[in-house]
Amino acid sequence: MILKMLWSPRKYLNTQGANETIFKGLIKFIYKTFEWVLLICSLLLLVYIPAQFIFSSLKIVEWWVDVLYVCGAFCGILISRVFRILAIDIERTKDKNFMITLLSVIIALISIVIVIVK
């Protein structure tokens, strides 16, 4: 049910009365949660890079892995801004544009996870 609401929010937001407020609030809460989790993880990733040079107990990896970490962190910060925009503009978002944005965010999240794991 929650995935259906995220996939086509206009269908659920067009209902009248209390249901509209509940669905709108739930969708905004989910987007805000995604935004803050992604932002915190990205900032922690940016802190990890200098920390590995300061503390000798951490393993120092190749320079290109550090570049991937930093790029992944900045992508995470940018994607968290997308979630903020989606949470603010949920009423004006059309279904087609919303699905394209959601798919691009999911693909970017998967690529960030791959970068972090490697």
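With my numbering applied, the sequence shown covers 51 to 168.
Backbone N, C-alpha and C fix where the C-beta goes; we use that ideal spot for every residue, glycine too.
Given the structure is predicted, the values throughout are model-derived calculations rather than measurements.
Top-ranked residue by Cα proximity to residue i, from the options
i	options	result
residue 121	92, 132, 130	92
residue 117	132, 130, 95, 128	95
residue 160	77, 125, 86	125
residue 97	119, 132, 131	119
Local Cβ density within 10 Å of residue i, reported as buried at 16 or more and exposed below that
i	result
residue 75	exposed
residue 88	buried
residue 79	exposed
residue 129	buried
residue 90	exposed
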